[in-house]
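Novice: Remember, my numbering sits 19 above the position in the sequence shown when you count from 1. Have a look at this one.
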Amino acid sequence: MTFQSDGVRPWLGRIGLLMLLCPLLAPRAAAQTPVEGYVYAGPGGYSGFSNDSWLVSLGGGAEIFPSAAPLSVGVELGYLGQPTALSGGLALFSANGGYHFARRGGRQTVSPFVTAGYTRLFRPDVGFNAWNLGAGINYRVSERVGLRIELRDHIRPDDRSTIQYWTVRFGVTFL
């Protein structure tokens, strides 16, 4: 599978800027409603149609913790592309639910989590619906900043074969 497309470069720049700003623009619904933003980048790949290839992934998002429960609701914007042809990749939008195993507001420095939800993969000429599963760990290095590692798989059903876009994400979280 080749991610090649003419006229994508200006569109890619706008999506990249939006991905970087997404966590910074996440509004706080109320002072008692924690919002955690994150940015990530990392290697990945895709499998399907009897093909496999390496990808790079980058993006950002935000999670809202609407109660004292360890549940979250989040959105993210990201990008998946081949390292040799970044201008022809796919943007992604995800809306997810998550469960964090460590109690929010506690003194834990390590917080494992799982997440799942809907993904829309797209570029100007095409779009696909998918769903995603992920698991990872947030490691708090200060009260407001942490490190994040996550495995995420975006699964796109297709009449011919199921395609999986999997990534290993390394990132930074902030409150």
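Virtual Cβ for every residue (Gly too), placed ideally from N, Cα, C. Quick caveat: nothing in here was measured; it's all calculated off a predicted structure.
For Q183, which residues of its own chain have a beta-carbon under 6 Å away from its beta-carbon, when the five flanking residues on both sides are left out?
Specialist: Against the sequence shown, residue 183 aligns to sequence position 164. Excluding positions up to five away in sequence, the list reads S66, D172, I174.
Novice: Secondary structure at F84, three-state DSSP: helix, strand or coil?
Specialist: The sequence position of residue 84 within the sequence shown is 65, counting from 1. The three-state reading of DSSP puts F84 in coil, since its state is none of H, G, I, E or B.
Novice: May I ask you to report which of helix, strand or coil DSSP gives F132?
Specialist: The residue you call residue 132 lines up with position 113 of the sequence shown. Reduced to three states, the DSSP call for F132 is strand.
Novice: Throw me the rounded Cβ distance for the Y158 and L166 pair, which I believe falls under 8 Å.
Specialist: The residue you call residue 158 lines up with position 139 of the sequence shown. The residue you call residue 166 lines up with position 147 of the sequence shown. The Cβ separation is near 5 Å, so the contact holds.
Novice: With DSSP as the reference, identify every bridge partner of P62, one or two as the case may be.
Specialist: Translated into the one-based positions of the sequence shown, residue 62 becomes position 43. Looking at the DSSP assignment, P62 forms a beta bridge with V75.
Novice: Distance, Cα to Cα, A87 vs G117?
Specialist: Along the sequence shown, read from residue 1 onward, the residue named residue 87 stands at position 68. Along the sequence shown, read from residue 1 onward, the residue named residue 117 stands at position 98. If I take the Cα positions, the gap works out to 14 Å.
Novice: Report yes if the C-beta distance between P85 and T52 is below 8 Å; otherwise report no.
Specialist: What you label residue 85 is simply residue 66 of the sequence shown in a count that begins at 1. What you label residue 52 is simply residue 33 of the sequence shown in a count that begins at 1. In this structure, T52 lies closer than 8 Å to P85 by Cβ.
Novice: From G56 to R188, what distance separates their C-alpha atoms?
Specialist: Sequence index remark: in the sequence shown, residue 56 carries index 37 (1-based). Sequence index remark: in the sequence shown, residue 188 carries index 169 (1-based). Taking the straight line from one Cα to the other gives about 14 Å.
Novice: Can you check DSSP and say which residues form a bridge with L183?
Specialist: On the sequence shown, residue 183 is found 164 positions in, with the first residue counted as 1. Inspection of the sequence shows that residue 183 is occupied by Gln rather than by Leu. S66, I174, per the DSSP bridge assignment.
Novice: Sorted by chain position, which residues of the same chain lie with C-beta nearer than 6 Å to A135's C-beta, five sequence neighbours on each side aside?
Specialist: Indexing the sequence shown from 1 puts residue 135 at position 116. Within the same chain, A135 has close Cβ partners L152.
Novice: Determine whether the beta carbon atoms of E95 and S113 lie at a separation below 8 Å.
Specialist: Taking the first residue of the sequence shown as position 1, residue 95 is located at position 76. Taking the first residue of the sequence shown as position 1, residue 113 is located at position 94. For E95 and S113, yes; Cβs fall inside 8 Å.
Novice: According to DSSP, F112 sits in a beta bridge with which residue or residues?
Specialist: By one-based count along the sequence shown, residue 112 stands at place 93. Per DSSP, L96, R139.
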